[in-house]
DNA sequence: CGTCACTAGTTACAATTGAAACCATGTCCT
DNA sequence: AGGACATGGTTTCAATTGTAACTAGTGACG
């Protein structure tokens, strides 16, 4: 067992600081240009992708906890980006969808986001990009294993 | 330009949620078992690695801002994990080193941390691990490019 | 029915964080 | 020397966040 550790080669640190830097850099787009926060952005994408979701499902799709989702949903409703349809079977829950304004916002942000991602990934070949995503997948599933036992 | 975006395949999201999950999972070790926070852990590692550093240098090595470092250093001093040696050339600055207690703590945490990392990386071959780090490096340098222009 | 366990979503509270202001010092330039 | 400007580090303040408590339902089981 090595008794020395270099932050630069310690995966948790590397992931964290990379994610942090990506986040800061990218969030300039949706925060500054479009006035929404990261949680809102995630909810927006989830709703655009799946159509109609309850808060709980948004949480599941975006790996945010329910508090964060609740707040994002409140703000987005406020802004007129989404509407609630009460659920018959369960009056606590509501189905959420994007309003036309929400969809419109989505359509304006997505190209920018994808474009930014593309610029970030530019130095990697198609091959490397696929490898990267494959490795991230493996780590994800491994983490699930680790936390279950 | 595609007009559709899947969170699951959007690199910023993937990185962020992976890093988040890693962080939560790992921090159980140093938060719960050893009573230190992530900023303290990072400072600890930097000092163990480089010996004697000013706050400013700790910040540089750990990609934390100076406020976070300042607070971590204050707490660690409080706990007797490090000592300050005033700098002759510049009385604002101080050189920081780990005390024996600090080193001792470091020596107890590192094996746990490395062991945890090893378990996380277990499903990847040596080859894949190297590839992963190589790709992270590329993204890091690419980010630097992007933010400079 | 009634009550006990569970769940969807919100609120309250405390901790963590970063931006900006700040203090004290150092550096540069004339 | 003496101002203007930069720098190491701390403090203040406001924003973001998660944990825990809570509200209001739902469902199962006697």
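Residue numbers (UniProt numbering), protein chains in the order written: chain R, 1 to 149; chain H, 1 to 149. All residues carry an ideal CB built from backbone N, CA and C; glycine is no exception.
Within the same chain, 121 come within 8 Å of residue 129 of chain R by CB-CB distance, once the 5 residues on both sides are set aside.
When DSSP states are grouped into helix, strand and coil, residue 37 of chain R belongs to the coil group. Per DSSP, residue 97 of chain R is one residue of the beta strand (DSSP E) stretching across 94-98. Not flagged as an interface residue toward chain R: residue 82 of chain H, since no C-beta distance is shorter than 8 Å. Among the CB atoms of chain R, none fall inside 8 Å of the CB of residue 53 of chain H.
Distance from the CA of residue 105 of chain R to the CA of residue 34 of chain R, rounded to the nearest whole angstrom, comes to 8 Å. Remark: fewer than three beta-carbon pairs, one from each stretch, lie closer than 8 Å, so the stretch 59-73 of chain R and the stretch 16-28 of chain R are not flagged as touching.
Following the DSSP letters along the chain, one finds residue 71 of chain H inside the alpha helix (DSSP H) bounded by residues 66-78. At least 8 Å separates the CB of residue 86 of chain R from every CB of chain H. The C-beta of residue 75 of chain H comes no closer than 8 Å to any C-beta of chain R.
For the 8 Å CB-CB criterion, residue 113 of chain H and residue 36 of chain H do not form a contact. Burial state of residue 40 of chain R is buried, judged by a 10 Å Cβ sphere holding 16 or more other Cβ atoms.
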